[in-house]
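Enquirer: The structure that follows is given in the form of structure tokens.
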Amino acid sequence: MTHDDGPAEPLLVVDDLRVVFDTDRGPAVTVDGLSFEVRQGETLGIVGESGSGKSMTSLAILGLLPPTARVSGSIRFRGRELLPLSDREMRELRGNEISLVFQDALAALNPVMTVGDQLAEAVSVHHPKTSRDELHRRSIELLELVGIPSAETRIRQYPHEFSGGMRQRVDIAMAVANDPALLIADEPTTALDVTVQAQILDVLRTVQDRTGTTVMLVTHDLGVVAGTADRVLVMYAGNKVEEGPVEQTFYETAHPYTRGLLASLPRMDRRDRGERLFQIAGQPPAATALPSGCRFAPRCPSFAADPCAQSVPSPQTVGTDHVAACHRVANLREESA
Amino acid sequence: MTATGTRSDALVIDRLVTEYPIRGGLFSRRIGTVQAVSGVSLRIPAGQTFGLVGETGCGKSTLGRTVVRLVDAQSGSVRLGDAEISSLGKSAFRSVRRRIQLVFQDPYASLNPRLSVGAILAEPLIVHGLHTGRRQERVRELLELVGLDPAHASRFPLEFSGGQRQRIGIARALAVEPEVLVLDEPVSALDVSVQAGILNLLDDLQREFGLTYLFIAHDLSVVRHLSHEVGVMYLGTIVEQGPVDEVYENPLHPYTRALLSAVPIADPRIERGRERIVLRGDVPSPANPPSGCRFRTRCWKATDLCAAETPQPRLLDNRLVACHHTD
Amino acid sequence: MSTGTASAGQISGTRAMLRRFRHHRLALAGTVVLVLLVVACFGATWIAPAKQGVQDLALGPTAPSWAHLLGTDELGRDYLSELLYAGRMSLAIGFFVAVVATVVGTAVGAVAGYVGGVVGEVIMRLTDLFLIVPAIAILALALNGLGSSPVTIVLVLSGISWTYIARVVRSQVLSLREKEFIDAAKVTGTSTARILVRHMLPNLAGIITVNISLAAASAIIVESTLSFLGFGVQPPRTSWGNMLSQASGLVGTPQVYLLYFPGLFILVTVLCVNFIGDGLRDALDPQGRQL
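Residue numbers (my numbering), protein chains in the order written: chain A, 632 to 968; chain B, 616 to 942; chain C, 50 to 340.
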């Protein structure tokens, strides 16, 4: 890990990222002009519903988009431009400096290799000179880091001998095997039950405390973000609609979409039975048929024909470190004040 | 605990047991049994919602499928109003069937891709001989009822989004004018912004038609929003049940406490200030449940008594709790 | 999940099906050729240049010419006319075998798959038996014993090919049976028969049409093989198979090219039928390519 003093350049800078697929129905724009940064040591939560482009963004950073994707813009990691890198150069980076925790831990593990062998391989791929003893020691250390008891015996077992939660722990262990600077967790707890989710989020927190890795947490769950993220980025239809520190984003919500999302959530800690939930009208647009102007305009309760239908709003500062991409953000502030 | 029930109860489930065979070996012989539902009792007053929560494998979906007789019960009974339905023969049950319907979890798998929406909604009418002569009209009414454009009856399921398909699924269940709807995770496949619309619709329909819901879900926030009473299931049994606000605000069973504390709340200050009970380990296999209290292997209060004796549900603070260590 | 609604104004049902089929170029070409072939064969009485079996011993074998497009055989018969008349038998056998085998195979496969249990197992072991015996030998023996009238040929060929369809249909039904929309139909109170016909059959349409075409094509080929071996259609009835068989006697003579014509007719028919099957399968799938 590099340790620069003072306000160094952010760990990752994404600038004007655009990911387009060609389909029978024309180009599908899944990420459009997305800019954000991930700062050293923080947890950035990227929130969005299915189709918002949040997973495409993490795949683009990892260089794992299918070859049919047309990618433009810039992704700089520690000052190094990633998009022009070759497959081989990306492979060296992946699993080493940038790594990924998958949603489906079972699919991410090889069913015919013991967990120990897979952990050892994750290390030796990037550090081929590591001795067998060292690999063995490291594998056990990693399993202990993610809270798997009796690691000595567990490393000789196969993935199917682990429960869902335990497999997700192994997956995290593999991801942090080489002390990555950036850990991208793409819906890491979506397939899990809440009590297991609580365990896994705990593990992620512990790992982050011990290794100091930076985490980019991609999720649809606003509750998970509220509990774990330092900053939040909200995506809708390939655009960033709001970005800010977690408290500002939740308590001084600026964008109508974020407001709608929060209002449409039933709350476990409130007596709200019988009250109507806020309903965002309509459906998210298809990636092949994005509306001109603001992507959220057709569903927006604060819609105004001019300028919402005319131009895509650019992010405006609405508070310290807090931006929202909405033409009417000033009007909304007045209304709610 | 026997659910006695009164005349106003729309659905009474009494000591219901559902088992699945484990098959293996040559000619897939039965080599064991999984008891997915182990003696569940509950009752739902007419026009109310009973929320059934629990994690994967706790048996909540099997319970729902048993109630609508997609699966046969091993023992116990299900009473629909004044009709005992679990003991009815297949043909006798057919006449009661339309009084209880199921809404499925997956709006993609639960609609026949080869039938138009109009045909899907007309099916129940044809099967039960309802609205003969004005079926097309009835189909349009149903679509309108669930907030869809009646002109879209000729379209096929793949032309609709997930939320719209779930509305079609609800319309199909309503087609036969049932009294009770079993809702099996009806919003868990949907995005948040779509989910709210379905929850509002279910609420509206209950008010309009006085429907009774057995609402099965793993999302505790959604359950609280819709339910009058709630039951928490763990490995085939209900560990705690009672009025929704009391259970959520003052959970008595250790599992309920852990479960509720694990649910993330979309509010950073509340979420970070909460005391979280992180449970040890995983849910044991239902094929080989622990003796005594089934939760004891993960419970921080467990003692020898818990392994020796199965705790019976006791009435405590207006609710039923099955635990040796709540007072 | 959120790709949202499909494009507005999309046409559903039969019209969309026809449109998808029309866009399948090979299927369209196959249909045109097959229709021409069927019309030519069954209208041979009016279309064919010569009447069936009219000999011209004085003429004898001739090479293709404007008078006789495919030439004449050693008895001076117009070979094109003979092929068209013979086609009636080959096409009819293909058609009837396909229909009988498909109806029987679909019914048996659907019941075996849906009912399952012992009945299903027994039926499937029976079809296994059909799969492992050398079909041609059995057919030859059966036809030898029963006599080879066209009806027995159809029945015996169907007797072999329904098992293939039954297996495919059964495996499809087994997977459909687990689908939630079948559970939904049960919860509605739909009877088993109606579930099979109304909810499963439309989902089987694709594989059934493919199998109809495969069964038809293979029946034409098997009939030809049998006739070639002398067990199939017997003279004086003609089929492409026994014409092929007779022409095989010409190997070593200048007329050996006559061997290719029945072969070509068989090949073209089988190809057309296969293309049509592919096109129909795609057309019947509403999830198929949207055009």
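Here a beta-carbon is modelled for each residue, glycine too, at the ideal position from N, C-alpha and C. All of these numbers come straight from a predicted model, not from anything done at the bench.
In the DSSP assignment, find the alpha helix (DSSP H) that holds A:Gln879 and state where it starts and stops.
Expert: Here the alpha helix (DSSP H) through A:Gln879 covers 877-882.
Enquirer: Which residues, taken in chain order from the segment 702-719 of chain B, show a beta carbon closer than 7 Å to some beta carbon of chain C?
Expert: Listed by position, the residues of the segment 702-719 of chain B near chain C (Cβ gap below 7 Å) are Arg709, Arg712, Arg713, Gln716, Leu717, Phe719.
Enquirer: In terms of residue numbering, what span does the alpha helix (DSSP H) encompassing B:Val652 cover?
Expert: Run containing B:Val652: none in the alpha helix (DSSP H); it sits in the beta strand (DSSP E), 644-660.
Enquirer: Just to make sure I have the definition right: I need the residues of chain B whose C-beta is within less than 7 Å of the C-beta of C:Phe230. Which are they?
Expert: Simply Ala724, Ser725, Leu726, Asn727.
Enquirer: Using 8 Å as the threshold, is the segment 122-142 of chain C in touch with the segment 195-207 of chain C, meaning 3 or more CB pairs across them?
Expert: Flag = yes, the segment 122-142 of chain C and the segment 195-207 of chain C touch.
Enquirer: Contact criterion: CB-CB distance below 8 Å. Does B:Ala618 meet it with respect to chain C?
Expert: With a pLDDT of 47 at B:Ala618, under the threshold of 50, the modelled position of that residue is not reliable, and no figure is offered here.
Enquirer: Any beta-carbon of chain B closer than 8 Å to the one on A:Met687?
Expert: Judged by the 8 Å Cβ criterion, A:Met687 is not in contact with chain B.
Enquirer: Taking CB distances under 8 Å as the criterion, tell me whether B:His868 reaches chain C.
Expert: Closer than 8 Å: no.
Enquirer: Note the first and the last residue of the continuous alpha helix (DSSP H) segment covering A:Val644.
Expert: That residue, A:Val644, is in no alpha helix (DSSP H); its beta strand (DSSP E) goes 643-654.
Enquirer: Which residues bound the alpha helix (DSSP H) around C:Phe179?
Expert: That run of the alpha helix (DSSP H) goes 166-181.
Enquirer: Does the beta carbon of B:Glu634 sit closer than 8 Å to a beta carbon anywhere in chain A?
Expert: Cβ-Cβ to chain A under 8 Å: no for B:Glu634.
Enquirer: Quick check on A:His953: does DSSP put it in helix, strand or coil?
Expert: Strand, per DSSP.
Enquirer: Among C:Ser276, C:Ser210, C:Ala215, which has the Cα closest to the Cα of C:Ser267?
Expert: Checking every option, the nearest Cα to that of C:Ser267 belongs to C:Ser210.
Enquirer: For A:Ala822, does the three-state DSSP call read helix, strand or coil?
Expert: Correct three-state label for A:Ala822: coil.
Enquirer: Grab the span of the beta strand (DSSP E) containing B:Tyr828 for me, first residue to last.
Expert: Run containing B:Tyr828: 827-832, per the beta strand (DSSP E) assignment.
Enquirer: B:Val754 and B:Leu717 look like a contact to me (Cβ under 8 Å); what is the Cβ gap, rounded to whole Å?
Expert: That pair is no contact at about 20 Å.
Enquirer: Based on the DSSP secondary-structure assignment, which residues constitute the bridge partners of A:Phe667?
Expert: Answer is A:Val645.
Enquirer: Using a Cβ-Cβ cut-off of less than 7 Å, list which residues of the segment 891-911 of chain B approach chain A; keep chain order.
Expert: So the list reads Arg891, Val893, Leu894, Asp897, given in the order they occur along the chain.
Enquirer: Excluding five sequence neighbours on each side, which residues of the same chain lie with their C-beta closer than 7 Å to the C-beta of B:Val652?
Expert: Excluding residues within five positions, the ones whose Cβ falls inside 7 Å are Leu631, Val632, Thr633, Gly674, Thr677, Leu678, Thr681, Gly851.
Enquirer: Assuming A:Val943 and A:Cys957 make a contact with CB atoms under 8 Å, what is their CB distance in whole Å?
Expert: Not quite, the Cβ-Cβ distance comes to about 11 Å (not below 8 Å), so this is no contact.
Enquirer: Below 8 Å on the Cβ atoms is my contact criterion, and I expect C:Ile269 with C:Ile315 to pass it. Report the Cβ-Cβ distance as a whole number of Å.
Expert: Yes, they are in contact, since the Cβ atoms of C:Ile269 and C:Ile315 sit about 6 Å apart, within 8 Å.
Enquirer: Which residues does DSSP pair with B:Asp717 in a beta bridge?
Expert: The sequence given here has Leu at residue 717 of chain B, not Asp. B:Leu717 pairs with B:Val797.
Enquirer: For the beta strand (DSSP E) containing A:Ile706, name the first residue and the last one.
Expert: Element bounds for A:Ile706: 701-708.
Enquirer: Using 8 Å as the threshold, is the C-beta distance between B:Val859 and B:Arg839 below it?
Expert: Contact: yes.
Enquirer: Should A:Glu878 be flagged as near chain B, meaning a C-beta pair shorter than 8 Å?
Expert: For A:Glu878, the answer is yes, since a Cβ of chain B falls inside 8 Å of its Cβ.
Enquirer: Here's the rule: buried if 16 or more other CB atoms are within 10 angstroms of the residue's CB, otherwise exposed. What is C:Trp289?
Expert: Label assigned to C:Trp289: buried.
Enquirer: Figure out for me which residue from A:Ala935, A:Tyr789, A:Gly778, A:Lys760 has the closest Cα to the Cα of A:Leu832.
Expert: For the residues A:Ala935, A:Tyr789, A:Gly778, A:Lys760, the minimum Cα distance to A:Leu832 belongs to A:Gly778.
Enquirer: What residue does the beta strand (DSSP E) around B:Thr852 start on, and which one ends it?
Expert: B:Thr852 -> beta strand (DSSP E) spans 852-858.
Enquirer: At the level of alpha carbons, what is the spacing between B:Glu924 and B:Ile885?
Expert: Cα to Cα, the separation comes out at about 38 Å.
Enquirer: Quick one: is B:Leu763 near chain A, going by C-beta distance under 8 Å?
Expert: Cβ-Cβ to chain A under 8 Å: no for B:Leu763.
Enquirer: Does any residue of chain C bring its CB to less than 8 Å from the CB of B:Arg753?
Expert: For B:Arg753, the answer is no, since every Cβ of chain C falls outside 8 Å of its Cβ.
Enquirer: For the segment 782-852 of chain A, list the alpha helix (DSSP H) runs that are entirely contained and at least 4 residues long, ordered along the chain.
Expert: Entirely contained in the segment 782-852 of chain A, the alpha helix (DSSP H) runs reaching 4 residues are, in chain order, 782-785, 795-806, 825-842.
Enquirer: Which value, in whole angstroms, describes the spacing of the CA atoms of C:Thr274 and B:Arg638?
Expert: Whole-angstrom Cα-Cα distance: 46 Å.
Enquirer: Could you check which residue in C:Arg247, C:Leu293, C:Asn193 has the C-alpha nearest to that of C:Leu225?
Expert: When each option's Cα is compared against that of C:Leu225, the closest is C:Arg247.
Enquirer: List the residues of chain C whose Cβ lies closer than 8 Å to the Cβ of B:His746, in chain order.
Expert: Under the 8 Å cutoff, chain C gives no residues; its nearest Cβ is about 14 Å from B:His746.
Enquirer: Under 8 Å, CB to CB, which of the residues in the segment 780-794 of chain A have a partner in chain B?
Expert: Going along the segment 780-794 of chain A in chain order, one finds Ser794 with a Cβ nearer than 8 Å to chain B.
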